[in-house]
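Just so you know, the sequences run in chain order A and B. Everything in the first sequence is counted per UniProt numbering, starting at 1 for the first residue and increasing by one. Everything in the second sequence is counted per UniProt numbering, starting at 1 for the first residue and increasing by one. Note that the Cβ used here is the ideal one computed from N, Cα and C, for glycine as well.
2 protein chains.
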Amino acid sequence: MHEQGSKGCLIIIGGNEDRKDERRILREVAREVRGGKLVLATVASRRPEGYFDDYQRAFSDLDLGDLVELYVEDRVEAGDRSKLSVLDDAAGIFFSGGDQLRITSQIGDTGIEAKVRALYERGGVVAGTSAGASVMSETMLVKGTSQITHRIGDLHMAPGLGLIRDVIIDQHFAERGRFGRLIGAVAHNPRVLGMGIDEDTAAIVRGDRIDVIGSGAVYVVDGTHVTHSNVAEGQSDCALALHDVRVHVLPDGNGYDLKERRPISPDN
Amino acid sequence: MHEQGSKGCLIIIGGNEDRKDERRILREVAREVRGGKLVLATVASRRPEGYFDDYQRAFSDLDLGDLVELYVEDRVEAGDRSKLSVLDDAAGIFFSGGDQLRITSQIGDTGIEAKVRALYERGGVVAGTSAGASVMSETMLVKGTSQITHRIGDLHMAPGLGLIRDVIIDQHFAERGRFGRLIGAVAHNPRVLGMGIDEDTAAIVRGDRIDVIGSGAVYVVDGTHVTHSNVAEGQSDCALALHDVRVHVLPDGNGYDLKERRPISPDN
């Protein structure tokens, strides 16, 4: 496991986080932003209308310095100086949901991506929910059937933003029955740790340490000790075989050490 | 792990087995019955009409000696000599789907249950699908929310028929997103192995060996090496924590050794 280099903080949310009541996760985002400016990137959505109002309401009494929207219609816009300057004095960015491929195809290798990376490296916050969560890994899950045992070949992956290394993220995890597809992704290369995040639940990454908050759980799928897999031999419609996968179920208060690949109990 | 004592064979099906086309699993049931008589026990259902016709059609060209229905309206009927005699010369029994509590509450500790056990012990076949699968374990899963991370306290278990020891069975597994609840059941007592069976998939148990057939997979959840669990401490609406669970994904051709608690690759 490589060390995660940045001084910043990732807040990776499994989608559908509480935006009305206790707002446990958004409160944590605001706390990390420390009264600074948060940029809401709605670029994952083809119809971003409503997202900003919704989050503005949710964050209204949570002591943000400022909340501003960043939307780009296409790649050309992602190089616009006016778009780029929004990120200059930001303390954090929050990617809302939609389609993870829209995020990477619109801002991948643009000035915006460089600014997001710079923000993270100088100690800023990068948060993302649903599609905005998936996009944080180096290789991201794009598509794959839920609620069925994973079929070899039925999994689409693509390069993500690469803010967290050697991890592949899935969201809406228990809610959409995605255990099969995450285990399938890990089978492709057990170097990569699977991280399945439930709705209204977040994995907060600071350096090599992950802390879990929210009402569900984070599932870590570790293929290090896998003894048998049929991923390379099987037909593409063939059901996955995988022996000796290690799984950790981590609810609020639990953590995970990415370097040691070990779960952390609430009392540690 | 205790040794499984019987000379018989269990065919534990995750529900919704193919009854029209290839009928891989029903073909295996018929093969094990070896031209003998198969009793279709529709007792799990409150409205058993149609089940018998459906299975009669499905088994029609599969070389069964005879297919007869066994239904009991209530516990009194479960002691009827005419009902009991149906099982005397049977080579196998097949429990169709419905409600597992109906099976155990109607025939538990009756003459029928004794005859099923005797059939199994003399080398007969006990098959069951969906509710008929759950009922085979000593402690069976009755109810528990699917598609959500398991909440401590949200799991109802009851004594089953006890044909397989130290195993707890769940069905419609990937299809209904039941990983959370099976892992929750295992957390209660890691002596018990979790066995989640997909639809159109069967675990065939002969002695200590399990073989998997069908289009999905059997998930074995082994809690032997669990290092942390909050089952006893947590509030009942609290999400489950469980560290170091071992999981095996076993599709068609894979197996499992119950005594050694080890998966078996297709080439063994």
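| Item | Value |
| --- | --- |
| Identity of the residue in B:Glu138, B:Arg176 and B:Arg122 nearest A:Ile148 by Cα | B:Arg176 |
| Proximal chain B residues relative to A:Ile183, where beta-carbon distance stays under 7 Å | Val249 |
| Test item: CB-CB of A:Leu84 and A:Gly111 under 8 Å | yes |
| Counted within 10 angstroms of its Cβ, other Cβ atoms place A:His156 as buried (16 or more) or exposed | exposed |
| Whole-angstrom distance between B:Glu260 and B:His2, CA atom to CA atom | In this prediction, B:His2 has a pLDDT of 45, which is less than 50 and means its spatial position is unreliable; what the coordinates show is noted afterwards. Their backbone Cα atoms lie some 10 Å apart in a straight line. |
| Helix, strand or coil at A:Gly97 [DSSP, three-state] | coil |
| Unbroken beta strand (DSSP E) run spanning B:His188, endpoints | Taken as a continuous stretch (DSSP letters only), B:His188 belongs to no beta strand (DSSP E), being part of the alpha helix (DSSP H) at Phe179 to His188. |
| Among B:Leu10, B:Phe179, B:Thr224 and B:Met195, the one whose alpha carbon lies nearest that of B:Asn189 | B:Thr224 |
| N- and C-terminal bounds of the beta strand (DSSP E) containing B:Asp74 | Where B:Asp74 is concerned, there is no enclosing beta strand (DSSP E), given that its DSSP letter is neither H nor E. |
| Where the alpha helix (DSSP H) through residue 275 of chain A begins and ends | The first residue shown for chain A is 1 and the last is 268, placing residue 275 of chain A beyond what the model contains. |
| Residue range of the unbroken beta strand (DSSP E) whose run includes B:Leu84 | Counting along the chain, B:Leu84 falls outside any beta strand (DSSP E), though it belongs to the alpha helix (DSSP H) covering Arg81 to Ser85. |
| Contacts of B:Val245 in chain A (Cβ-Cβ under 8 Å) | Arg246, Val247, His248 and Val249 |
| Beta-carbon proximity list for A:Cys9, same chain, < 6 Å, skipping 5 on both sides | Glu32, Val125 and Arg206 |
| Residue-chain proximity (B:Ile204, chain A), Cβ-Cβ < 8 Å | no |
| Residues bridged to A:Lys37 [DSSP beta-bridge criterion] | A:Asp66 |
| Assigned exposure category for A:Ser6 - 16 Cβ within 10 Å defines buried | buried |
| Residue interval of the alpha helix (DSSP H) (run including B:Gly132) | Ala131 to Ser134 |
| Those residues which DSSP pairs with A:Gly128 across a bridge | A:Ile12 and A:Phe95 |
| Rounded C-alpha distance that separates A:Val192 from B:Asp252 | 26 Å |
| Residue environment, A:Glu121, which counts as buried when at least 16 other CB atoms sit within 10 Å | exposed |
| Contact list for the stretch 250 to 262 of chain B against chain A, Cβ threshold 9 Å | Leu250, Pro251, Asp252, Gly253, Asn254 and Arg262 |
| Spatial neighbours of A:Ala174 in its chain, beta-carbon cut-off 6 Å, leaving aside the 5 residues before and after | Asp198 |
| Inter-residue CB distance, B:Leu119 and B:Leu87 (contact presumed, cutoff 8 Å) | 6 Å |
| Supposed close pair A:Ile12, A:Ala202 - CB separation, criterion 8 Å | 6 Å |
| Interface residues of chain B facing A:Ile148 [CB-CB closer than 7 Å] | Ala174 and Glu175 |
| Other residues of its chain near B:Leu26: CB distance less than 7 Å, five sequence neighbours each side excluded | Glu17, Arg19, Ala58, Phe59 and Leu62 |
| CB contact check: B:Phe179 to chain D, cutoff 8 Å | Reference to chain D is not applicable here, since the protein chains of this structure are A and B. |
| Chain A within 8 Å of B:Arg122, Cβ atoms only | no |
| Cβ pair count under 8 Å reaching 3, the stretch 94 to 113 of chain B against the stretch 33 to 44 of chain B | yes |
| The stretch 212 to 227 of chain A in contact with the stretch 210 to 226 of chain B per 3-pair CB rule at 8 Å | no |
| Assigned exposure category for B:Arg34 - 16 Cβ within 10 Å defines buried | exposed |
| Beta-carbon proximity check, B:Asp237 vs B:Gly153, cutoff 8 Å | yes |
| 8 Å Cβ cutoff, A:Gly144 in contact with chain B | no |
| Proximal residues of chain A, C-beta to C-beta of B:Gly216 below 8 Å | Ile148, Thr149 and Ala239 |
| Closer than 7 Å at the beta carbon, the chain A residues around residue 270 of chain B | No information on residue 270 of chain B is available, as it lies outside the stretch 1 to 268 that chain B covers here. |
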